[in-house]
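Residue numbers (our numbering): 773 to 827.
Written out as structure tokens, the structure reads:
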């Protein structure tokens, strides 16, 4: 279940970055916090950027 939750958090971060016009996320990290004895929240954060190929 935790793996699915991390995947969903990353998918949401990617979708949000795309909505802002970015095509990459750098320095992505995960964080988790206990909400209660039976629940945790998973956060993913990073910097959305527009990457260009240098020729």
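Ideal Cβ positions, reconstructed from N, Cα and C, are used throughout, including at glycine.
For residue 782, the secondary structure class from DSSP, reduced to helix, strand or coil, is helix. The C-beta of residue 823 has fewer than 16 other C-beta atoms within 10 Å across all chains shown, which makes the residue exposed. Spanning the alpha carbons of residue 806 and residue 812 requires a straight line of approximately 4 Å. With a cutoff of 8 Å on beta-carbon distance, residue 797 and residue 785 are scored as near each other. Inter-residue distance for residue 825 and residue 808 is about 45 Å (C-alpha atoms, whole angstroms).
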